[in-house]
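When we follow our numbering, the leftmost residue of the sequence shown carries the number 73, and every step to the right adds one.
First the structure, in the form of structure tokens, and then the observations on it.
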Amino acid sequence: MSAAAEKPVLPGSLNTNRSLGRWIRFDPDATVGVRVGKVEIGQGILTALGQIAADELDLRLDQVRILTANTESNPNEGMTSGSRSVEESGEAVRYACAEVRALFLEAAARRLGVSIEKLQVAEGIFHADGRQATYWDLAAGIDLGLEASGQVSPKQAADLTLVGRAAPRIDLPAKVFGEPSYVQDLDLPGMAHGRVVRPANYSATLRSMDEAAVRALPGVIAVVRDGNFLGVVAEREEQAIRAQAALEKSCIWDAPQKLPGEAQIYDYLLGRPVETEVVSDKNDAAAKSRAKVTVEAIYRKPYIAHASIGPSCAVARYDGNRYEIWSHSQGIFPLRGDMVKCLRVPAERIVVHHADGSGCYGHNGADDVALDAALLARAASPRPVKVQWMREEEFNWEPFGPAMVMKLAASLDQAGNVVDWNHDVWSNPHSNRSGRGAGSTLIAAPHLADPVPVSPPVDMPLPAGASHRNAIPLYDFPSQRVARHLITDTPLRISALRALGGFANVFAIESMMDELAAGCGADPVAFRLRHLKDPRGRAVIERAAQMAAWKAGEKGDGVRGRGIGFCKYKNLGSYCAVVVEVELEQGLRVVRAWAAVDVGRVVNPDGVINQIEGGIVQATSWTLKEAVRFDTSFVTSRQWEDYPILTFGEAPQVKVELIDRPEQPSKGAGEGAQGPTGGAIANALFNATGVRVRELPLTRERIVGAMS
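Encoded structure:
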């Protein structure tokens with residue numbers, strides 16, 4: 073057996089980044105730098121990782137600095153996605169710090185001439201018999217190039233002083249007080265500004281353009297044409313915008329592409345060739361034979377945009393040999409992989425730095441604009457170039473969360489128990505991220521004169537899943553069949569949106585559970601508990617109902633109503649139950665929401681609550697308002713008027729309670745609330761009015777149509 077094969081499997085991302093020095097460094101200013109490959113996208117992960125590191129190393133939180141991720145010195149942790157950062161990076165930091173602490177305990181014992189058992193450690197200082205030594209006194213004699221052994225156990229929950237307690241977000245003060253914090257704020261010496269002119273649609277090719285007229289405009293440094301990729305670089309941003317407009321006006325495109333059109337999209341999905349996979353099949357003939365009534369329903373979800381408040385932005389610099397790129401990408405290493413293919417240079421000549429963006433929520437335009445910036449920086453070398461997308465460009469060209477159709481059928485026996493359950497979901501794949509295969513997923517890649525093939529989108533397999541994420545219900549049914557029908561033909565550009573297929577599948581499941589409860593005269597909370605054995609799942613449902621003062625059997629009054637939704641995210645992550653109260657005025661409004669959440673061991677309660685609150689607010693926006701508009705030519709959502717989102721005045725009051733389980737592994741919170749919220753809102757509408765709307769968003773027009 074080879075030495076590599078004999079290495080133990082290490083926790084989280086430590087398994088593929090084994091050098092302790094890749095994670096931890098001791099700096100001369102008496103702080104500890106912690107390098108991670110996960111990035112801050114508003115979820116508070118850097119604060120949580122700082123708490124984990126400080127606890128394991130016996131430091132104050134302000135003695136720990138989480139170092140900004142870059143591909144030159146940080147561990148490669150792939151994508152920051154799937155609510156996995158605490159599970160993967162948190163466990164890696166926890167175990168790496170435990171091993172580093174053990175090395176320093178041995179060194180301190182030697183230095184002070186005592187046994188390890190006599191040492192006490194606080195705020196980075198090792199004490200024994202009136203003498204002391206610090207991490208920084210000892211650091212020069214410690215080899216952090218060693219690989220983690222996996223033989224050192226981290227602290228027990230009872231010994232932690234920071235994990236499990238609220239800590240202020242380390243990234244917020246600068247953002248709140250308007251200090252430069254975002255990639256949009258980056259201003260490098262000598263920086264120029266770039267803009268890109270996109271084709272008329274996904275498949276358009278350039279017939280002609282007037283390059284000379286644009287070059288003559290004030291401030292223009294370069295006009296770039298590389299196949300069908302067009303861009304301008306100018307001294308000032310407003311000059312780049314004017315040059316972009318002039319270049320766009322001069323272009324003539326051949327644009328043969330035809331889309332199915334928004335009104336036909338669900339029929340289109342159901343009519344395309346599919347790859348069918350049965351992902352759950354429990355066939356209990358005896359249970360089926362007890363069926364007395366069957367309820368069938370079709371639920372629909374449109375394409376949804378990420379709709380970040382700040383459009384995508386990047387800065388790049390090319391010195392004739394090496395590219396340096398600042399991006400708000402969720403995966404700086406996978407992005408570098410695609411850059412290698414598109415820029416035709418080896419990986420060691422590309423450094424990608426992460427910089428915060430103003431909103432994320434999945435695979436938006438961050439990676440695409442990074443390549444735009446690199447291509448324009450090559451033309452303006454050695455000057456750095458900032459490329460800032462405009463709102464129209466973001467809405468037209470970012471990848472969307474796919475449209476989906478869910479067909480459900482369920483049967484009840486005489487006693488009102490579910491004896492058979494069927495769930496079929498039609499969807500495009502849910503991931504088209506960078507860093508896969510021989511091709512690229514970046515917009516500009518196939519437009520280049522030397523084009524890079526487009527990597528097809530993929531659907532991650534279960535247990536996490538993608539289009540079929542959370543399609544298998546956590547409820548206990550004796551007979552059930554769940555099937556995914558994957559449509560690889562994608563009319564619009566698609567990729568990962570927060571919660572992936574989990575949002576739509578849970579919306580459908582939770583809506584059907586209420587329809588079944590109504591059909592047999594059962595209370596929705598009691599009906600769920602009757603069909604759920606999982607004690608942690610039952611606990612969050614019971615807690616949410618208690619928080620909302622749920623009254624069994626209570627009906628709405630035609631204007632106000634309440635509903636509940638529940639899921640265990642990915643069926644292996646956090647548990648979340650949400651109760652909402654809605655009212656109908658000119659349309660449907662969510663007034664209040666209560667959520668009970670179980671993420672196992674809570675690292676930062678304030679961070680978890682923030683994530684659940686944000687998930688509820690965003691899911692409310694998806695459920696009530698959001699849908700990408702398009703015709704047979706291209707996307708027609710261009711501004712906020714064409715793609716409304718929830719406003720501050722429309723946001724519900726939200727209360728969140730956590731069920732802390734220190735003995736359980738920590739799970740991510742970022743995507744646990746979306747599906748339950750969507751289902752709860754639809755159920756509250758039914759409770760208020762007796763009207764069931766099964767197509768998102770739940771607009772005034774759809775509600776009125778259902779009433780009539």
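Where a beta carbon is used, it is the ideal one built from N, C-alpha and C, also for glycine.
Since we're looking at a predicted model, the values are computed, not measured.
| Asked | Found |
| --- | --- |
| Cβ-Cβ distance between L210 and A179 below 8 Å | yes |
| Distance, Q329 Cα to K321 Cα | 20 Å |
| Cβ shell of V763 (< 8 Å), same chain only, five flanking positions each side left out | L757, I775, A778, M779 |
| Stretch pair the region 527-547 + the region 440-452: three plus CB contacts closer than 8 Å | no |
| Contact under 8 Å by Cβ, A164 with G84 | yes |
| Through-space distance from D496 to G392, alpha-carbon basis | 53 Å |
| Cross-strand partners of M263 (DSSP beta bridge) | Bridge partners of M263: none, in fact. |
| Endpoints, the alpha helix (DSSP H) within which H410 is located | His is not the amino acid found at residue 410; the sequence shown has Asp there. Counting along the chain, the alpha helix (DSSP H) containing D410 begins and ends at 404-415. |
| Spatially closest choice to R463 from N436, M476, A446, M478, by CA coordinates | N436 |
| Under 8 Å between C-beta atoms of G105 and R156 | no |
| Which of helix, strand or coil DSSP assigns to F549 | coil |
| Q192 (DSSP reduced to helix, strand or coil) | strand |
| Cβ-Cβ separation, A306 to A318 (assumed contact under 8 Å), whole Å | Actually they do not touch by this definition, with Cβ atoms about 11 Å apart. |
| Endpoints, alpha helix (DSSP H) assigned at M584 | 574-591 |
| Rounded straight-line distance, which links the Cα of E767 to that of A611 | 30 Å |
| Validate contact between the region 137-152 and the region 84-94 using beta carbons, cut 8 Å, 3 pairs | yes |
| At least three beta-carbon pairs within less than 8 Å, the region 677-697 to the region 442-460 | no |
| Reduced DSSP secondary structure (H/G/I, E/B, other) of Q725 | strand |
| From A229, L191, G114, G213, residue whose alpha carbon lies closest to that of G672 | A229 |
| Entirely enclosed alpha helix (DSSP H) segments - the region 238-290, minimum 4 residues | 244-248, 283-287 |
| Sequence-distant residues of its chain with Cβ nearer than 6 Å to D561 (five each side left out) | R344 |
| Cβ contact (3+ pairs, closer than 8 Å) linking the region 475-491 and the region 579-596 | yes |
| Three-state class that DSSP yields for A668 in the structure shown | strand |
| Continuous beta strand (DSSP E) stretch holding Q204: start and end | 203-206 |
| Proximity below 8 Å, CB of K642 to CB of A576 | no |
| Residue of E189, S430, E396 minimising C-alpha distance to D257 | S430 |
| Cβ shell of A741 (< 7 Å), same chain only, five flanking positions each side left out | S155, S646, V669, V671, V680, Q683, I684 |
| Given 8 Å, three or more beta-carbon pairs between the region 404-424 and the region 503-521 | yes |
| First through last residue of the beta strand (DSSP E) which encompasses Y395 | 395-399 |
| 6 Å Cβ shell around E396 - same chain, five flanking residues per side excluded | R389, V423 |
| Span of the beta strand (DSSP E) around G637 | 632-640 |
| Of the residues E743, I214, Q725, E626, the one placed nearest A174, counting alpha carbons only | I214 |
| Reference A617; option with closest CA among R394, Y715, A419, D595 | D595 |
| Rounded separation between T719 and A754 - CA only | 20 Å |
| Any 3 or more C-beta pairs closer than 8 Å across the region 563-579 and the region 720-732 | no |
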